[in-house]
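First comes the structure, then the notes that go with it.
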Amino acid sequence: MSRKLVPVVMCGGAGTRLWPVSRDTMPKQFIPLLGEVSTFQRIMRLLSDGAVFGRPIVVTNAEYRFTVLDQLQAIGVSAQIVLEPTRRDSAAAVATATQLALAADDHAVVGVFAADHVVQDGALFVETCRRASEVAAEGRIVTIGIPPTHPATGYGYIQPGEAIGEAARAVAAFVEKPDAPTAAQYLLDGYFWNSGNFIFDAATMKAELEAFEPDVVGPVVEAVTQARNDLDFLVLDAAAFGRAKNISIDYAVMERTKKAAVLPGHFGWSDVGGWSAVWDLAEKDGEGNAIEGRGYVLDGANNLIRSEDALVAVIGLDDIAVISTRDAVLVTPKSRADKVKDMVALITARGESEAGAHREVQRPWGRYLSIDLGVRHQVKRITVKPGGILSLQKHFHRAEHWVVVRGTAEVTRNHETIVIHENESIYLPIGCVHRMANPGKIPLELIEVQVGSYLGEDDIVRIEDIYRRS
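This is the structure we're talking about:
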């Protein structure tokens, strides 16, 4: 292969099928579902193989930008992070990556990968991408098809056609998610699961987008041309990008192009589409129980137990999932775990904030966890990473008390700067202008006690912010 494949990872989605762990404020691609790193970090590590891949492009949105940056830094991977100013379906993201790749190389070959999938054989995955890029360089749009292991009804399928080279086949048809009898027949007929990962010649993809969906590619080209750099991010022009048609790449191109090809992927793939899939991939004990956290099972088999904090005990039950977070608990038979999305819709309709938000909130400087909330008080545990600096701000309705429990805090209070050490505290009266920074080499941890008539996050008047949040 004469040129390196440009890998693109799309991670702007906010899935609900792994609730209550995955929520809008921290979706599944950023969560360590299997092992110590997130699925996003797993795929980024694979795509950092410099023998096959060039510098990755990550397409996300402003809400997740600092999470993306933090997770990349944690694994030592560099990438161009592109921010969509408004949410669009995958066609706009693909068009964005295509335009960026062509700006650097007229003959670029691009690979688009999901941030929330898992592959079990990383070396074979990389080799499959290399082979797919060779086919794509001939002017093809290559999708990676997964040989089915069972008649799944939750995936789209690909019907392979005539042979192209040694391993690839032309795509005869993309078909929607089937019913069970049809899925069984697809297995017999040699169909593939559609993984949603594909590799293409950038010029070919742009030409197909222009032919099929000019209302996508035209605004995106303008948005890329007028993009601006902001800190470590490339921000697409909002006005232009907002005019891009909201459509998936499957409907926009893949199901209409005559240049689609499929290459089998035998590397052990999962879209981790629900808690049953997590159990499939997780390590298990002798009874088939997969347990993470403080979980115990007595007289039960093939269960998934996951607990962030509380002790979870299960007696005499088989084939269930118990997922316990700090503020929500899910209990379901694994066979009914596909109903989690419906449950999230139900509790959302009832106005429950836990449907989409975690109690622990990520910020560019670190994170905070709400420990206790009353009518006129709130207690938070705040962690500031080394070098992190909160915004210079004030409040109209609350005073704050900060108690340092680990590390050192450099506190600005009006016109004075005070250094607060472990087991020391400081009082910030209503209306005072204040800021906190961590000048040390270890995380700063403190307890914040808020007291006042209104405790909402919108009672923050930011005067200055190094992270450029409005």
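Residue 92 in our numbering is what sits at position 51 of the sequence shown, and the numbering runs on without skipping anything. No residue lacks a Cβ here, since even glycine has one placed at the ideal position from N, Cα and C.
Legend entry - Cβ contact check for the region 318–336 and the region 211–219: 3 or more pairs under 8 angstroms: no
Inset, instruction - Mark residue 175 as exposed unless 16 or more other C-beta atoms lie within 10 angstroms of its C-beta, in which case mark it buried. - result: buried
Legend entry - residue 435, DSSP secondary structure in three states: strand
Inset, instruction - Would you mind giving the Cβ-Cβ distance between residue 194 and residue 224, rounded to the nearest angstrom? I have them listed as a contact below 8 angstroms. - result: 5 angstroms
Legend entry - For residue 308, three-class secondary structure by DSSP: coil
Inset, instruction - Would you check if there are 3 or more beta carbon pairs closer than 8 angstroms linking the region 156–166 to the region 298–309? - result: yes
Legend entry - For residue 154, the residue or residues it bridges with in DSSP: 50
Inset, instruction - Give the straight-line distance between the Cα atoms of residue 500 and residue 334, rounded to the nearest whole angstrom. - result: 36 angstroms
Legend entry - Cβ shell of residue 348 (< 6 angstroms), same chain only, five flanking positions each side left out: 334, 335, 336, 365
Inset, instruction - Pick out whichever of 416, 418, 404, 400 has its Cα sitting closest to the Cα of residue 410. - result: 400
Inset, instruction - Spatial neighbours of residue 273 within its chain, please: CB distance less than 7 angstroms, with the 5 preceding and 5 following residues excluded, ordered by chain position. - result: 110, 122
Legend entry - Nearest to residue 454 (by Cα), restricted to the options 438, 448, 447, 472: 472
Inset, instruction - Could you work out which residue in 437, 179, 181, 232 is closest to residue 190 when comparing CA atoms only? - result: 232
Legend entry - Every unbroken beta strand (DSSP E) within the region 164–213, with a cutoff of 3 residues, ordered by chain: 182–187, 198–205
Inset, instruction - Can you check DSSP and say which residues form a bridge with residue 363? - result: 346, 372
Legend entry - Endpoints, alpha helix (DSSP H) assigned at residue 398: Element bounds for residue 398: n/a, residue is neither H nor E.
Inset, instruction - Answer yes or no: the CB of residue 220 versus the heavy atoms of the ligand ZN, is any distance below 6 angstroms? - result: As far as ligands go, the structure on display features none, and thus does not contain the ligand ZN.
Inset, instruction - Kindly indicate which three-state DSSP category residue 42 falls into: helix, strand or coil? - result: Bear in mind that the predicted position of residue 42 carries a pLDDT of just 45, short of 50, making it too unreliable to give a figure here.
Legend entry - residue 237: first and last residue of the uninterrupted beta strand (DSSP E) it sits in: 233–242
Inset, instruction - Determine the direct distance from the alpha carbon of residue 169 to that of residue 290, and round the result to whole angstroms. - result: 22 angstroms
Inset, instruction - Using the Cα positions of residue 49 and residue 316, report the straight-line distance between them to the nearest angstrom. - result: 27 angstroms
Legend entry - As assigned by DSSP and simplified to three states, the class of residue 139: helix
Legend entry - Contact the region 246–266 vs the region 130–141: 3+ CB pairs below 8 angstroms: yes
Inset, instruction - Note down the Cα distance separating residue 257 from residue 287, rounded to an integer number of angstroms. - result: 8 angstroms
Legend entry - Presumed contact (8 angstroms Cβ cut-off) between residue 413 and residue 402, rounded CB distance: Incorrect: roughly 15 angstroms between the Cβ atoms, too far for contact.
Inset, instruction - Taking all protein chains shown into account, decide if residue 447 is buried (16 or more other Cβ within 10 angstroms of its Cβ) or exposed. - result: exposed
Inset, instruction - Tell me where the alpha helix (DSSP H) around residue 86 begins and ends. - result: 80–87
Legend entry - the region 123–132 in contact with the region 266–286 per 3-pair CB rule at 8 angstroms: yes
Legend entry - alpha helix (DSSP H) segment containing residue 227, residue limits: 221–229
Legend entry - Per DSSP, cross-strand counterpart(s) of residue 424: 408, 486
Inset, instruction - Classify residue 252 as buried or exposed, calling it buried when 16 or more other Cβ atoms lie within 10 Å of its own Cβ. - result: exposed
Inset, instruction - Keeping to the same chain, check which residues put their C-beta closer than 7 angstroms to that of residue 239; ignore five residues upstream and five downstream. - result: 153, 182, 183, 184, 185
Legend entry - Inter-residue Cα distance where the pair is residue 484 and residue 408: 11 angstroms
Inset, instruction - Return the CA-CA distance between residue 261 and residue 44, expressed in angstroms with no decimal places. - result: 25 angstroms
Legend entry - C-alpha gap between residue 367 and residue 396, whole angstroms: 13 angstroms
Inset, instruction - In angstroms with no decimal places, state the Cα-to-Cα distance between residue 505 and residue 475. - result: 10 angstroms
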